[in-house]
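These protein sequence lines map, in sequence, to chains R and S. Counting the first sequence from 1 gives a position; our numbering is that position plus 151. Counting the second sequence from 1 gives a position; our numbering is that position plus 761. Glycine included, each C-beta is placed from N, C-alpha and C at the ideal position.
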Amino acid sequence: DSGVTQTPKHLITATGQRVTLRCSPRSGDLSVYWYQQSLDQGLQFLIQYYNGEERAKGNILERFSAQQFPDLHSELNLSSLELGDSALYFCASSHTDRQLYNSPLHFGNGTRLTVT
Amino acid sequence: DAKTTQPTSMDCAEGRAANLPCNHSTISGNEYVYWYRQIHSQGPQYIIHGLKNNETNEMASLIITEDRKSSTLILPHATLRDTAVYYCIVRPRNNNDMRFGAGTRLTVKP
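Here it is in structure tokens:
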């Protein structure tokens, strides 16, 4: 158990809809990361937050957005969903921001999103 | 802009050591080598990381060559539960994210 909690585990929705994925980081971790894993793309980094502020952006679509709240949990919002958005969405957390102490990322077990 | 090269797949006999190679010939001085694995569709699991020196923990050993252009992850006594995709990642010290490649699919056979 990594200590990172993601909800829900499974989500089925229709095209055009909007969903919110939730992540609770490990106790004490200030950074949260979101990744997408689809069958043909592998693990793709989407975005990182540190202590409520956006720190790094990867291949995140404009239809997707995220935020980190004062209690450090994070939400990933996916809107105008398309069939191609069907994927596993992973959240990870780490202790530090600038990796001064080589802090690994610890991943949750993901949310499986199916868009029909 | 792949920074690492790994074999697509490998097999290992149960109980034997699994040696997973990784080439990172363009690694720079402030970049660390990280290893993760992903079992089926679970979240990636951190295994080990290092900069220059060899590292060992309860899961595995990491051997980094002196020129740092390649490394080997060693699972000393592989079990069937070690069957997974193993990712070797080069990560700058001040980088905020972790970029995954295709990894090596390790199959441990009875």
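Under the 10 Å beta carbon count, F220/R is surrounded by fewer than 16 other beta carbons and is classified as exposed. Listed by position along chain R, the residues whose Cβ is nearer than 8 Å to that of D858/S are Y184, F196, Q199, A207 and G209. Per DSSP, reduced to three states, the secondary structure at R829/S is coil, with no helix or strand assignment. Neighbours of A863/S in chain R, taken as residues at a C-beta separation under 9 Å, are given in chain order as G193. In this model, L256/R and P871/S are separated by some 32 Å (Cα to Cα). DSSP, read as helix, strand or coil, puts L234/R in helix. Sequence-distant Cβ neighbours of A207/R in its own chain, meaning closer than 6 Å and more than five residues away, are Q199. Each residue's CA atom was taken as its position, placing R842/S and H801/S some 11 Å apart. Between Y795/S and H810/S, the C-beta gap is smaller than 8 Å, which places the two residues in contact. A contact is defined here as three or more CB-CB pairs under 8 Å, and the region 171-180 of chain R meets this definition with respect to the region 154-163 of chain R. The closest CA to that of H161/R, considering only H246/R, L239/R and F258/R, is found on L239/R. Runs of the beta strand (DSSP E) lying entirely within the region 173-239 of chain R and spanning at least 3 residues, in chain order: 182-189, 193-201, 204-208, 215-219 and 225-229. Q192/R has its alpha-carbon roughly 27 Å from the corresponding atom of L836/S. One finds Y795, Y797, P805, Y807, D858 and M859 in chain S with Cβ atoms closer than 9 Å to the Cβ of L256/R, taken in chain order. With its beta carbon at least 8 Å from every one in chain R, S786/S lies outside the interface. Annotation: S822/S has no Cβ neighbours in chain R at a cutoff of 9 Å; minimum Cβ distance is about 16 Å.
According to DSSP, P853/S shares a beta bridge with E792/S. Residue pairing by DSSP places P782/S opposite T833/S in a beta bridge. Boundaries for R777/S: no beta strand (DSSP E) harbours it, and the DSSP string shows neither H nor E there. The C-beta separation of T787/S from C849/S comes to about 13 Å, leaving the pair out of contact by the 8 Å criterion.
Secondary structure at R842/S: helix, using DSSP grouped into helix, strand and coil.
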